[in-house]
Amino acid sequence: MKSRIMLAVMLLLAAPFLFGLEKKEHLSLDAQGIKHLEIDAGAGFLKVVGINDLTNIEVEAEIIVRGMREAKAEKFIKDKLELRLERFDHRARLVGKFKSHFSLFNWGEKLCNLTVRVPKTIDLSIDDGSGSISLNQIEGKLKIDDGSGSIKIEDINGDLEIDDGSGGIEATAIKGSVFIDDGSGEIRLQNIEGDVRIDDGSGDINVDNINGNVTLSDNSGSIWVDTVSKDVIIQDDGSGDVKISNVKGRVIK
Numbered sequence: 017m018k019s020r021i022m023l024a025v026m027l028l029l030a031a032p033f034l035f036g037l038e039k040k041e042h043l044s045l046d047a048q049g050i051k052h053l054e055i056d057a058g059a060g061f062l063k064v065v066g067i068n069d070l071t072n073i074e075v076e077a078e079i080i081v082r083g084m085r086e087a088k089a090e091k092f093i094k095d096k097l098e099l100r101l102e103r104f105d106h107r108a109r110l111v112g113k114f115k116s117h118f119s120l121f122n123w124g125e126k127l128c129n130l131t132v133r134v135p136k137t138i139d140l141s142i143d144d145g146s147g148s149i150s151l152n153q154i155e156g157k158l159k160i161d162d163g164s165g166s167i168k169i170e171d172i173n174g175d176l177e178i179d180d181g182s183g184g185i186e187a188t189a190i191k192g193s194v195f196i197d198d199g200s201g202e203i204r205l206q207n208i209e210g211d212v213r214i215d216d217g218s219g220d221i222n223v224d225n226i227n228g229n230v231t232l233s234d235n236s237g238s239i240w241v242d243t244v245s246k247d248v249i250i251q252d253d254g255s256g257d258v259k260i261s262n263v264k265g266r267v268i269k
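Numbering (this note's numbering), first residue to last: 17 to 269.
This is the structure in structure tokens:
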């Protein structure tokens, strides 16, 4: 009897993942004359790659709904999914997310994973709900407003601005300056040509090989700074170890 009860409980817990639907959609937009792409994404991963000489903005959306039978999942996608790529003069806008919804009986995942290929020179603004973000090989400016999830950024020629709720942040090989306002999560920056400014709620900060000034404010968590060409300014170190080495300019605490 006990084993039957346990089996019933396990089946109940697994039910949201036994049914569902996965499908892919593709979008494309002529990128000629477009200087700026705005991305409004919800739950799911977001991957953006800059491509030399690409003439279109290309999107692959992986849509996943679990916890419903196929017919119901199809209707849910039709009613709740927002997926569009539109042009407004010199600006483009990509929306890939599910509309807000609440139901006691709709368990399971609802994801819209986005893989986006763009011309390398485009500027990007991203408003992301939850899920990981990966960006690389972009020559324009980047601005990210993220709710939760890890962020990994590589090989960017412009300035980088991040407003993040929670989740780790890793940025490498940034030619411009980096400005981060972070709620919680580890921050790792390496090989930054411009200035670095970080205002962090909690989590460790690791900064290495910076050609500009470094300004840090951290309420809790350790701070490691190594190899800075200009000044290091610690406005608030809260709690945690602070280790600073190989600074050519001043160290101000």
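Think of the CB as a built atom: it goes at the ideal place given N, C-alpha and C, for glycine as much as any other residue.
Computed from a prediction, not measured in an experiment: that's the story for all the values here.
Item to check | Close beta carbons around residue 30, own chain, < 7 Å, minus the five adjacent residues each side | outcome: Any reading at residue 30 must be qualified, since the residue scores a pLDDT of 47, below 50, and its modelled position is unreliable; no value is offered.
Next on the checklist: Which residue wins for smallest C-alpha separation from residue 163, given the options 116, 185, 181 and 128?
Outcome noted: 181
Checklist entry - Three or more C-beta pairs closer than 8 Å, one from the segment 34-54 and one from the segment 84-98: is that the case here? => result yes
Item to check | Contact under 9 Å by Cβ, residue 151 with residue 169 | outcome: yes
Next on the checklist: In the DSSP assignment, the alpha helix (DSSP H) including residue 126 goes from what residue to what residue?
Outcome noted: Counting along the chain, residue 126 falls outside any alpha helix (DSSP H), though it belongs to the beta strand (DSSP E) covering 126-135.
Checklist entry - In terms of alpha-carbon separation, which member of 251, 143, 206 and 103 lies closest to residue 244? => result 206
Checklist entry - Which word fits residue 104, buried or exposed, when buried means at least 16 other C-beta atoms lie within 10 angstroms of its C-beta? => result exposed
Checklist entry - Which class does residue 50 belong to by DSSP, given the choice of helix, strand or coil? => result coil
Checklist entry - What residues in its chain sit with their C-beta under 6 Å from that of residue 141, if we drop five residues either side in the sequence? => result 54 and 159
Checklist entry - Which of the three DSSP states, helix, strand or coil, is assigned to residue 195? => result strand
Checklist entry - In chain order, which beta strand (DSSP E) runs of at least 3 residues are fully inside the segment 221-250? => result 221-226, 230-236 and 239-244
Checklist entry - Just the Cα atoms here: how many angstroms apart are residue 256 and residue 190? => result 27 Å
Item to check | Helix, strand or coil at residue 24 according to DSSP, with G and I counted as helix | outcome: In this prediction, residue 24 scores a pLDDT of 42, lower than 50, which makes its location untrustworthy; no coordinate-derived value is stated.
Item to check | Anticipated Cβ contact below 8 Å, residue 75 with residue 130, distance rounded | outcome: 6 Å
Next on the checklist: One question on the structure: do residue 124 and residue 83 come within less than 9 Å of each other, judged by their Cβ atoms?
Outcome noted: yes
Checklist entry - Quick one: what does DSSP say residue 186 is sitting in, helix, strand or coil? => result strand
Item to check | Start-to-end residues for the beta strand (DSSP E) that takes in residue 105 | outcome: No beta strand (DSSP E) holds residue 105; DSSP gives it neither H nor E.
Checklist entry - In chain order, what residues of the same chain lie with their CB nearer than 6 Å to the CB of residue 186, ignoring the 5 residues before and after it? => result 168 and 204
Checklist entry - Which residue or residues does DSSP assign as beta-bridge partners of residue 206? => result 188 and 224
Checklist entry - Just to confirm, are residue 66 and residue 157 a CB contact at a threshold of 9 Å? => result no
Checklist entry - How many angstroms separate the CA atom of residue 209 from the CA atom of residue 227? => result 5 Å
Next on the checklist: So the candidates are 148, 173 and 214; which of them puts its Cα closest to the Cα of residue 154?
Outcome noted: 173
Item to check | Cutoff 7 Å; reference residue 68; Cβ partners in own chain excluding five residues on either side | outcome: 136
Next on the checklist: Do residue 216 and residue 234 count as a contact pair if the criterion is CB distance below 9 Å?
Outcome noted: yes
Checklist entry - Just how far apart, CA to CA, sit residue 179 and residue 60? => result 18 Å
Item to check | Buried versus exposed call for residue 27 [16 or more other C-beta atoms within 10 Å across all chains shown] | outcome: The pLDDT assigned to residue 27 is 42, lower than 50, so where the model puts this residue is not dependable; a value taken from the coordinates is nonetheless given after this. With fewer than 16 Cβ atoms within 10 Å of its Cβ, residue 27 is classed as exposed.
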